[in-house]
Structure formats: structure tokens, C-alpha cells
Amino acid sequence: QGGGWCPVSRRNKSAIEFSKTVTSLASPKDIEWSNGKNPISIKGVDTFVVYMFQEKKLNFLKSSDNLEMLLKPFHFELLTVSPVKVLPSKSIQFAPIGLVNMLNSGGAIQSLVIDDYESLVRVGVRGCGEMRVFASEKPKSCQIDGIEVD
Numbered sequence: 155q156g157g158g159w160c161p162v163s164r165r166n167k168s169a170i171e172f173s174k175t176v177t178s179l180a181s182p183k184d185i186e187w188s189n190g191k192n193p194i195s196i197k198g199v200d201t202f203v204v205y206m207f208q209e210k211k212l213n214f215l216k217s218s219d220n221l222e223m224l225l226k227p228f229h230f231e232l233l234t235v236s237p238v239k240v241l242p243s244k245s246i247q248f249a250p251i252g253l254v255n256m257l258n259s260g261g262a263i264q265s266l267v268i269d270d271y272e273s274l275v276r277v278g279v280r281g282c283g284e285m286r287v288f289a290s291e292k293p294k295s296c297q298i299d300g301i302e303v304d
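Each position in the sequence shown, counted from 1, maps to that position plus 154 in this note's numbering.
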């Protein structure tokens, strides 16, 4: 993006004539869902939520949709993409986002169990901070280690 680290001044320096805003597209289909230590099944998933770390904004995308981002020199954006699951008995949509005060928000999620019979979702998280999820309806209750929280 027209700049780089200067070992002499120990700072990022910009070459004004090369510093340009960059446009980028991101899509849920760009993610290799079946790779890695813990593959994520997206079978039957129609919608994804995309949380933008810098903008603190939530977007909804179909798997074929693109999200356009403009990045100024020396700026960045991190995206957390989560498939929206549907609890069939009540048609409630749910997607965990993670601990949004961390750079790798979704990386804090260790487990996800959806109990459709009880309309219950359990999210196992590692770390501490502000946990965010998307739910199409307001939860009846939220608990951390069995203790009710707001």
C-alpha cells in the first residue's frame, strides 16, 4: 500500500506517491471451512454473519455474496465469519461471533452445541472479554458458568 517499515527511524514510512486506498472483496466462499484441526460444517447454511473488527459492524451475506472493503494506507480490517444455524423447532437463527475485544474473535470459541428440543445453545469460550453472538430473537436468559448475566 505504498509504505513499509524503516529500520533507521524504526517507524512505518509512507511513500506518498504510492500510498493508495485499496479495495478488497471478501466472501464466505473464500473460507476453507473443511480444513484445519476443527472443520466446520456449512451443509444447509444459507446465511453467514460477518463481524468487522475495526468498524464494529455486523453484515449478513449469502455464500455467494461479497463484502467490499476500502483500506487506507497503514489501516486494516479483520473479519470474523460465522455460519448462521437455525433451531428448526422455533426457526430461531443463531451465530456465535466470539470475544470481540480479541483480534481473532472467533478463535475464542471452543465448542458449540445446539439443543433444538430445548431451544438451547451452549457456547464454550476460552478467554475473557466481550462475547457477542447473533440471535434472531432475544434470549430468555444468558449464563456464564451457570450464573445468570445480562
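Cβ atoms here follow ideal geometry from the backbone N, Cα and C, with glycine treated the same way.
Asked	Found
Status (buried if at least 16 other CB within 10 Å, exposed otherwise) for Y205	buried
Those residues which DSSP pairs with K211 across a bridge	M206
Where the beta strand (DSSP E) containing G252 begins and where it ends	I246 to L253
Neighbour-count burial assignment, S295, 16 or more Cβ in a 10 Å radius	exposed
Beta strand (DSSP E) segment containing R286, residue limits	M285 to A289
Rounded separation between I298 and L241 - CA only	21 Å
Counted within 10 angstroms of its Cβ, other Cβ atoms place P182 as buried (16 or more) or exposed	buried
At least 3 beta-carbon pairs within less than 8 Å: the segment 165 to 174 vs the segment 216 to 233	yes
Exposed unless 16 or more other CB atoms sit within 10 angstroms - verdict on T234	buried
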